[in-house]
Amino acid sequence: MRLSRSLAPVTIALALVLSLPYDAMPHTLAGDGKPPSPSPFGATCRAAVRGSHVVAYCHNPYADIDRVRLHVECTRWWDIDTDSAPVDAGPAMTVRLTGRCWEEVRTVWVSHQKVS
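Laid out in structure tokens, this is it:
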């Protein structure tokens with residue numbers, strides 16, 4: 001008799017959990033309990049500034065296409081900052097990006113966009 005009293009709450013709890021909709025139930029992760037890591041992406045870029053000219057080389061070692069753009073910010077307030085046209089760096093491909101200011105270059109960076 002005692003055994004049935006102790007099983008009654010467990011049975012009721014199990015029935016309630018099994019009657020919940022799928023979205024309300026906690027989900028377990030497969031494998032080691034960690035979410036899957038994102039696939040590697042992004043070209044490695046190196047930029048060189050010589051006077052007012054900028055050259056950047058971007059190499060993409062991954063399978064996904066990386067659309068890269070060179071952004072050049074000039075030092076002088078009257079000098080126009082420039083953004084290069086986007087260039088697709090395919091798998092195992094190296095691309096060259098160029099830009100310039102009229103006088104000094106303040107900062108240079110490359111933006112990346114994943115191509116679907």
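When you line the sequence shown up against UniProt numbering, it's residues 1 to 116, in that order.
Note that CB positions come from ideal geometry on N, CA and C, so glycine has one too.
query                                                       : result
Test item: CB-CB of V54 and D88 under 8 angstroms           : no
Beta-carbon proximity check, C45 vs V72, cutoff 8 angstroms : no
Cα-Cα separation, M25 to P35                                : Model confidence at M25 stands at a pLDDT of 48, short of 50, so the residue's coordinates are unreliable and nothing is read from them.
Beta-carbon spacing of T75, V105 below 8 angstroms          : yes
Spatial distance of D66 from A43 (CA atoms)                 : 6 angstroms
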